[in-house]
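Note sheet for the following structure.
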Amino acid sequence: MNNAVSGFSKLSKKEKINWIANEYFSTPEEALNIIRNYWNSDEKLQQLHDEFIENTITNLYIPLGVAPNFLINGKYKTIPMAIEESSVVAAASKAAKFWSTRGGFKTTIISTEKIGQVHFTFKGNAEKLHSFFEEIKPKFFSETQSITKNMQQRGGGILDIQLKDKRNLLENYFQLHATFETKDSMGANFINSCLEQFASTLKEEFQNSDLFSEEDNLQVIMSILSNYVPHCLVRAEVSCPIEDLSEKHISNPQEFAERFVQAVQIAEVEPFRAVTHNKGIMNGVDAVVLATGNDFRAIEAGVHAYASRNGQYSSLSHAKIENGIFTFWMEIPLALGTVGGLTSLHPLVKLCLEILQKPSATELMEITAVAGLAQNFAALRSLTTTGIQEGHMKMHLNNIINQFEATDEERQLIKAHFKKTAVSHSAVVEFIENLRK
67 MNNAVSGFSK LSKKEKINWI ANEYFSTPEE ALNIIRNYWN SDEKLQQLHD
117 EFIENTITNL YIPLGVAPNF LINGKYKTIP MAIEESSVVA AASKAAKFWS
167 TRGGFKTTII STEKIGQVHF TFKGNAEKLH SFFEEIKPKF FSETQSITKN
217 MQQRGGGILD IQLKDKRNLL ENYFQLHATF ETKDSMGANF INSCLEQFAS
267 TLKEEFQNSD LFSEEDNLQV IMSILSNYVP HCLVRAEVSC PIEDLSEKHI
317 SNPQEFAERF VQAVQIAEVE PFRAVTHNKG IMNGVDAVVL ATGNDFRAIE
367 AGVHAYASRN GQYSSLSHAK IENGIFTFWM EIPLALGTVG GLTSLHPLVK
417 LCLEILQKPS ATELMEITAV AGLAQNFAAL RSLTTTGIQE GHMKMHLNNI
467 INQFEATDEE RQLIKAHFKK TAVSHSAVVE FIENLRK
């Protein structure tokens, strides 16, 4: 197939699928069977999923697991995690159990401020623009009253609006920089609606103002929220006396603590390590964000910008030893919601929020940060003791076995063999081939 398709969005679901199968597969019926196998047998439920996005052909399953025994601020939580990578849920569960007997996780909401901007250019006297802004600033609030009314009743709304001169970055560039409190909603639609009204008010008031001459020119470029939320922060931490770190793989807790701190310090100064270090944190964070129907792409973008806020990409987590106490902590920006969007539509998202005992947005921030810190602790504990591959490859063994469609008898023999033998893809393949000769 080497031709464009016309009117694809207007085709029925069946027509779209048939077109895909016939254009891209040498065995169309086989492709159709795979697509149909992943449909939900409940037609109403399938239609709900179909309407989440455009041009839907089927569902792509991602496993939904749970990690129990998370002691957070004195209360036990079982955390739902949606992720396709093996060993993530197991590692989180293991870290949760480890810290449940050592005081658990402590969390603090530092701030919940979100940001939106109206980007515009202005050719004229900047002092006049600033005077004009101060004069019309109350109108930005009054003319968004219909949008903000319900949010204000819940304790949220527009916090502040500032005029920012950005001409040092780009010729004639200014912005309205607005901050918001959106309570239990992530708030994207609310913020964007406010911003578009700000832009409309700005243009209308500029045209009607006597301050400016015909040579002065103002053009709104765009109005959009920012997914960088450095003032929507949560802190998660664990700590205990060094001697309490002792367990099966930690016979010398002092040496382990020192090695652990050094591993974190390496991620603080070495970007190549920091990226993988933070990816491990996001294994935990993204899994919870996805399970609760939030936007993990927005979270990823904002978190990695925050990791670079000092001019170099660095570790999100930190560790120290002080007066015989080991402390491991992280501050992370998380703009999450528990109302609106998929949270009220997707049956499994609603189930996950039930498992979490219907958290508020700030409680979900705390839970999500804890999952990220737990995942990071588990990875660093493995890296500084037995090595990361031992546990990971044992979890990966199932994937390799499934790839070769092993029988039940073969599975038992393979698993028995690799209880005492290092797991690698080539070693498993070789064992299976020998088994089948």
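Under the working numbering, the sequence shown has 285 at position 219, and the numbering climbs by one with no breaks. A virtual CB, placed ideally from N, CA and C, is assigned to each residue, including glycine. All figures in this text were calculated on a predicted structure; none of them were measured in a lab.
Under the rule that 16 or more other beta-carbon atoms within 10 Å means buried, what is residue i, buried or exposed?
i, result
"L299", "buried"
"D108", "exposed"
"L382", "buried"
"K160", "buried"
"L111", "exposed"
"Q218", "exposed"
"Y372", "buried"
"A162", "buried"
"L284", "buried"
"S153", "buried"
"T155", "Per the sequence shown, the amino acid found at residue 155 is Val instead of Thr. V155 comes out buried."
"D361", "buried"
"T210", "buried"
"N376", "exposed"
"Q113", "exposed"
"I227", "buried"
"F91", "exposed"
"N500", "exposed"
"G222", "buried"
By Cβ distance, which residues of its chain are closer than 7 Å to residue i, with the 5 residues on each side in sequence left out?
i, result
"V184", "Q241, L242, L261, F264, A265, L268, V286 and S289"
"M431", "I175, V300, L400 and L402"
"Y239", "T187, K232 and R233"
"R339", "I332 and A333"
"F207", "I224"
"T434", "V351, V354, V355, L400 and L402"
"S312", "P319"
Whose CA, out of the options, lies closest to the CA of residue i?
i, options, result
"A437", "G406, W395 and Q478", "W395"
"P129", "K143, D474, L414 and A87", "L414"
"E334", "N360, N69, L291 and S374", "S374"
"A367", "K163, N344 and K386", "N344"
"T178", "L291, P399 and N360", "P399"
"L277", "E499, N103 and N191", "N191"
"S410", "N216, E388, Q441 and T358", "T358"
"L463", "T450, T451, T452 and A493", "A493"
"P296", "K503, W105 and H370", "H370"
"F392", "E309, E313, V341 and A364", "E309"
How far does the beta strand (DSSP E) with residue i in it extend, from its first residue to its last?
i, result
"N283", "N283 to S292"
"M396", "I391 to P399"
"M147", "K141 to A148"
"N135", "L130 to I138"
"K194", "No beta strand (DSSP E) holds K194; the alpha helix (DSSP H) holding it covers A192 to S208."
"G182", "K180 to K189"
"I224", "G223 to D231"
"C306", "L299 to P307"
"D247", "Reading off the sequence shown, one finds Glu at residue 247, where the question assumed Asp. Its beta strand (DSSP E) spans residues Y239 to E247."
Could you give the first and the last residue of the continuous alpha helix (DSSP H) run that contains residue i?
i, result
"A323", "P319 to V335"
"G368", "F362 to A373"
"S492", "H491 to R502"
"K80", "K79 to Y90"
"E109", "E109 to D116"
"K416", "P413 to I421"
Excluding the five sequence neighbours on either side, which residues of its own chain have a C-beta within less than 6 Å of the C-beta of residue i, listed in chain order?
i, result
"L439", "A302 and M396"
"P94", "A87 and N88"
"V132", "T144 and P146"
"F199", "L229"
"N258", "L291"
Sorted by chain position, which residues of the same chain lie with C-beta nearer than 8 Å to residue i's C-beta, five sequence neighbours on each side aside?
i, result
"F74", "K82, W85 and N121"
Do residue i and the ligand SAH come close, with the Cβ less than 8 Å from some heavy atom?
i, result
"M396", "Looking for the ligand SAH in the displayed structure turns up nothing, as the structure carries no ligands at all."
*Does the segment 234-254 touch the segment 397-405, meaning 3 or more C-beta pairs lie closer than 8 Å?*
yes
*Report yes or no: do three or more beta-carbon pairs, one from the segment 345-359 and one from the segment 315-324, lie closer than 8 Å?*
no
*Between the segment 161-178 and the segment 122-142, do three or more beta carbon pairs fall short of 8 Å?*
With the cut-off at 8 Å, the segment 161-178 and the segment 122-142 touch.
_Within 8 Å, do at least three Cβ pairs link the segment 441-454 to the segment 323-342?_
yes
*At least three beta-carbon pairs within less than 8 Å, the segment 352-361 to the segment 267-284*: no
*Below 8 Å, can you find three or more Cβ-Cβ pairs linking the segment 145-158 to the segment 415-429?*
yes
*Validate contact between the segment 72-83 and the segment 114-129 using beta carbons, cut 8 Å, 3 pairs*: yes
*asked:* Assess contact between the segment 373-393 and the segment 425-435, defined as three or more Cβ pairs (one per stretch) separated by less than 8 Å. Is contact present?
replied: They do not touch, by the three-pair rule.
*Count the CB pairs spanning the segment 460-478 and the segment 176-192 that are closer than 8 Å, and state whether there are at least three.*
no
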